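One structure is given here, and the rest of the page talks about it.
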Amino acid sequence: MTQTPLVEMRDMNIRFGGNHAVNNVSVDLNPGEVVGLLGHNGAGKSTLIKMLSGAYRPDSGEIRINGEKVEIHNPRDARAHNIETIYQTLALADNLDAASNLFLGRELVTGSGFVDDDAMEAETRKIMARLNPNFKNFAAPVSSLSGGQRQSVAIARAVYFNAKILIMDEPTAALGPHETQMVADLIQQLKAEGLGIFLIDHDVHQVMKLCDRAAVMKNGKLVGVVNIADVTDDDLLGMIILGKNPITGEIVTD
Amino acid sequence: MRRLRSIVETLEIDLRLIGMITALGVIWLVFDLFTGGLYITPRNLFNLTVQTASVAVMATGMVFIIVTRHIDLSVGSLLGFIGMSMGLLQAQVLPEVLGYGHPMTWIITVAAGLIMGALIGALQGWLVGYQMIPAFIVTLGGLLAWRGAAWWVTEGQTVAPLDETFKMLGGAGGTLGVFWSWVVGGLASAAAVLLVFRSRARKIAHGFRTKPMWAEVALSGIYVGTILGFVGVLNAYQIPTRRVERMFELRGETMPEGLTLGYGLPISVLIVLAVTVAMTVLARRTRLGRYIFATGGNPDAAELSGINTRLLTVKVFALMGALVGLGAVIASARLGSAANDLGTLDELRVIAAAVIGGTALSGGVGTIYGAVLGALIMQSLQSGMAMVGVDAPLQSIVVGVVLVFAVYVDIIYRRRTGS
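Chains as they are written, first to last, in this note's numbering: chain U, 4 to 257; chain R, 11 to 429.
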């Protein structure tokens, strides 16, 4: 018996004007699994995932979570299903401090309904001690933080609220080697805790190292989903560049 | 110098605030010099605060508008329209329904003004937020339309006289008197000290670093000194003896020999202070305020965090509209009449006050107290130049140059501090 996938996206479609950005794509994600999403810029991988995070509404398609069909109309709906997203742009309000960003949209409030900045800062200190012990600058607006520190804030926001499904859009693109390793360790740790992770990345080596399976897209279409154990770097590159499925030999055409 | 800077840092006072207070002090001193000591007097400072009230109230709302990367050019015209409507309501409609001088007249009028402002603001906000028409265009249309509407209310006729109680909301006609002013000052001082030490207690409870005790005491001292000094100045302005005599005559009493009465806090200034506190709490301690600043800092991030930025736009404009209603109450009550040119060019004064107060047009940055101080700086310049006898055209030139210069200094400051 196979287990019920954590997430199933079935026959997803979205068009922007004449551009069929995501064309009949289906992928799924199991608990404790990391699925890499690969493809050129404009292949549709970010667009696909934004339908799951509530940033875009699909023209057609079905999303199931733990086998149940769900409607995700906006980011709030996604959060309600324990879907958390770390955007490539990080989606931080630069003028606010770390705690305000971490709790943005989900502020802790006092008994009388006012935002409780001290309590939020205390919680932020706790989670940062776990994720990035070097993080010390809690009072400054995040605009004054380094790329790695900003990334920590974005990750902390996703992890803090007990995510079951985590979407990471190029989480290491702006990071140095040391910080990249930290993110890699974190992914392993979260995976061990049973989270399902979609990892969008350009870097084939990174995907080979971190993921269990990889889904490759080209021109809005799905080239294929493969087990990392069954393929080589070159197979993945062939999927990305030529649109050639190494298992079936099929080629995605424009 | 270094010593001074370390003191300021320990007290955690906003440097921009110190800059503004310094600028205000310099302006006052210069005019005092040129007017031979007539400028820094209880009488003139009293008038300054009263003249600033209407613009200051509206400037607090403009902070939120500009922080969310919008603009509202319609506030002056809207003030005229609401002022005329309230004038008509209290001088002609309500006397017919309730009878002349009914005690409910002013309450109904003020409520109607606030509601009218909020509804019109919400309409403009809906056009901006949901229909995606740029705020500049929507409110430029509003600037023209509401001024026309203001004329239409009475076909251009000035409405007077306004309700006697209503007029007390405007200025010298409605003050608390010496005793109650001290009471308000005392309560405000106690509240300020309480807030300082409650915040300290909360920080200690969470185990955060706190300021040294002397800094908390010094801060409390500065707050209390400012509040009581302000009340003292307004109390020192004496009501003219003839007017006091008449007040006693009206009550059928004779004035005791040598009696002097101070004006104390004008009700309009009390309104400004209440609005400043309420808007500051809204900005810093509520979710709505947090979302306003988050949306201004990064609209996409706010949206992705589940914030309904469209509805937020409607709320911000509705709040602006309600504050314009309040501004209209103060402005028309001060004049004792409502004319259809009421509030002309106020949009520029209000925007200038917010911007001089450190609100960045790029969004996400601004303080309420800054806008109120900005309004006071603008008014100090204008009435100072009028007292000195500077020609009206030159006044405009000076105010224009100061506006650009203030923003320039602010930009340099931001670049240096990297914020």
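Positions of the beta carbon are idealized from the N, C-alpha and C atoms, including for glycine.
Every value quoted in this text rests on a predicted model; they were computed, and no experiment measured them.
Residue i: first and last residue of the uninterrupted beta strand (DSSP E) it sits in
{"i": "LEU48 of chain R", "result": "LEU48 of chain R -> no beta strand (DSSP E), and no H or E assigned at all."}
{"i": "ILE68 of chain U", "result": "63 to 68"}
{"i": "THR264 of chain R", "result": "Neither: THR264 of chain R is in no beta strand (DSSP E) and is coded neither H nor E."}
{"i": "ARG18 of chain U", "result": "10 to 19"}
{"i": "LYS212 of chain U", "result": "Element bounds for LYS212 of chain U: not the beta strand (DSSP E) but the alpha helix (DSSP H), 207 to 213."}
{"i": "HIS23 of chain U", "result": "22 to 32"}
{"i": "PHE201 of chain U", "result": "199 to 203"}
{"i": "GLU71 of chain U", "result": "71 to 73"}
Cut-off 6 Å between Cβ atoms - residues of its own chain near residue i, not counting five sequence neighbours on either side
{"i": "ASP237 of chain U", "result": "none"}
{"i": "LEU333 of chain R", "result": "VAL67, MET68, GLY71"}
{"i": "LEU331 of chain R", "result": "The residue asked about is misnamed: residue 331 of chain R is Gly in this sequence, not Leu. Closer than 6 Å at Cβ, skipping near neighbours: GLY127, ALA128, ILE130, GLY131."}
{"i": "ASP401 of chain R", "result": "none"}
{"i": "GLY123 of chain R", "result": "ILE92, MET96, GLY335, ALA338, VAL339"}
{"i": "MET4 of chain U", "result": "Bear in mind that a pLDDT of 44 at MET4 of chain U, under 50, signals an unreliable position, so the number given afterwards is only what the model happens to contain. Once the five neighbours on either side are set aside, MET4 of chain U has no close Cβ partner at all."}
{"i": "THR175 of chain R", "result": "TRP116"}
{"i": "GLN61 of chain R", "result": "GLN389"}
{"i": "MET242 of chain U", "result": "VAL219, VAL226"}
Whole-Å CB distance - residue i paired with residue j, under 8 Å assumed
{"i": "GLY274 of chain R", "j": "LEU244 of chain R", "result": "6 Å"}
{"i": "ILE366 of chain R", "j": "LEU413 of chain R", "result": "7 Å"}
{"i": "ALA1 of chain U", "j": "LEU239 of chain U", "result": "Here chain U has residues from 4 to 257 only, and residue 1 of chain U is not among them."}
{"i": "GLY374 of chain R", "j": "ASN98 of chain U", "result": "4 Å"}
{"i": "GLU126 of chain U", "j": "PHE141 of chain U", "result": "Actually they do not touch by this definition, with Cβ atoms about 11 Å apart."}
{"i": "ALA246 of chain R", "j": "GLY272 of chain R", "result": "6 Å"}
{"i": "LYS194 of chain U", "j": "VAL38 of chain U", "result": "Incorrect: roughly 11 Å between the Cβ atoms, too far for contact."}
Delimiting residues of the alpha helix (DSSP H) encompassing residue i
{"i": "ALA121 of chain R", "result": "115 to 139"}
{"i": "PHE240 of chain R", "result": "223 to 246"}
{"i": "LEU41 of chain U", "result": "It is not in any alpha helix (DSSP H) - LEU41 of chain U instead sits in the beta strand (DSSP E) that spans 37 to 41."}
{"i": "GLU509 of chain R", "result": "Because residue 509 of chain R is not part of the residues shown, which for chain R are 11 to 429, the question remains open."}
{"i": "ALA328 of chain R", "result": "319 to 345"}
{"i": "PHE292 of chain U", "result": "No statement about residue 292 of chain U is possible, as the shown extent of chain U runs from 4 to 257 and does not include it."}
{"i": "VAL107 of chain R", "result": "104 to 108"}
{"i": "SER49 of chain U", "result": "48 to 56"}
{"i": "SER390 of chain R", "result": "378 to 398"}
{"i": "PHE303 of chain R", "result": "297 to 307"}
{"i": "HIS181 of chain U", "result": "180 to 195"}
{"i": "ILE92 of chain R", "result": "85 to 98"}
{"i": "THR427 of chain R", "result": "402 to 427"}
DSSP bridge partner residues for residue i (one or two, in chain order)
{"i": "ASP100 of chain U", "result": "U:PRO144"}
{"i": "ILE89 of chain U", "result": "U:MET171"}
{"i": "PHE189 of chain R", "result": "Paired residues: none, contrary to the question."}
{"i": "PRO220 of chain U", "result": "Here the sequence assigns Met to residue 220 of chain U, which means Pro is not the residue at that position. Answer is U:LEU225."}
{"i": "ALA160 of chain R", "result": "Paired residue(s): none; ALA160 of chain R is not in a bridge."}
{"i": "PRO276 of chain R", "result": "R:THR185"}
{"i": "ILE254 of chain U", "result": "U:LYS247"}
{"i": "ALA348 of chain R", "result": "R:VAL169"}
{"i": "ASN230 of chain U", "result": "U:ARG216"}
{"i": "VAL118 of chain U", "result": "U:VAL112"}
Minimum C-alpha distance to residue i - residue among the options
{"i": "MET15 of chain U", "options": "U:MET242, U:ASP188, U:GLY223", "result": "U:GLY223"}
{"i": "THR115 of chain R", "options": "R:ALA228, R:GLY337, R:MET96, R:PHE146", "result": "R:MET96"}
{"i": "ILE31 of chain R", "options": "R:GLY399, R:GLY86, R:GLY368", "result": "R:GLY368"}
{"i": "ILE205 of chain U", "options": "U:ILE190, U:GLY45, U:HIS181, U:ILE75", "result": "According to the sequence as given, residue 205 of chain U is His; it is not Ile. Cα-wise, what sits closest to HIS205 of chain U is U:GLY45."}
{"i": "THR16 of chain R", "options": "R:TRP136, R:LYS221, R:THR175", "result": "A quick correction: the sequence has Ser, not Thr, at residue 16 of chain R. Of the listed residues, the one whose Cα sits closest to SER16 of chain R is R:LYS221."}
{"i": "GLY246 of chain U", "options": "U:HIS23, U:VAL156, U:LEU41", "result": "U:LEU41"}
{"i": "THR7 of chain U", "options": "U:ASP31, U:HIS23, U:VAL25, U:ASN22", "result": "U:ASP31"}
{"i": "THR78 of chain R", "options": "R:GLY180, R:ARG26, R:LEU298, R:ALA225", "result": "R:LEU298"}
{"i": "ALA170 of chain R", "options": "R:ARG210, R:GLY181, R:LEU98, R:PRO105", "result": "R:LEU98"}
{"i": "HIS216 of chain R", "options": "U:ASP188, U:LEU225, U:ARG128", "result": "U:ARG128"}
{"i": "SER56 of chain U", "options": "U:GLU110, U:MET171, U:VAL118", "result": "U:MET171"}
{"i": "PHE44 of chain R", "options": "R:GLY394, R:MET178, R:VAL120, R:SER278", "result": "R:GLY394"}
{"i": "PRO61 of chain U", "options": "U:ASN69, U:ASN77, U:ILE68, U:GLY70", "result": "U:ASN77"}
{"i": "ILE200 of chain U", "options": "U:ARG133, U:THR88, U:SER146, U:GLY151", "result": "U:THR88"}
Other residues of its chain near residue i: CB distance less than 7 Å, five sequence neighbours each side excluded
{"i": "SER390 of chain R", "result": "LEU34, ILE37, TRP38, LEU58"}
{"i": "ALA349 of chain R", "result": "THR168"}
{"i": "ILE214 of chain R", "result": "THR220"}
{"i": "LEU229 of chain R", "result": "LEU21, VAL206"}
Cutoff 8 Å; reference residue i; Cβ partners in own chain excluding five residues on either side
{"i": "LEU198 of chain U", "result": "PRO34, GLY35, ALA166, LYS167, ILE168, LEU169"}
{"i": "ILE317 of chain R", "result": "TYR301, ALA304, THR305"}
{"i": "TYR233 of chain R", "result": "SER199, ALA202, VAL203, VAL206"}
{"i": "LEU329 of chain R", "result": "GLY71, PHE74, ALA128, GLY131"}
{"i": "GLY21 of chain U", "result": "none"}
{"i": "LYS72 of chain U", "result": "GLU65, ILE66"}
{"i": "LEU148 of chain U", "result": "ALA101, ASN140, VAL156"}
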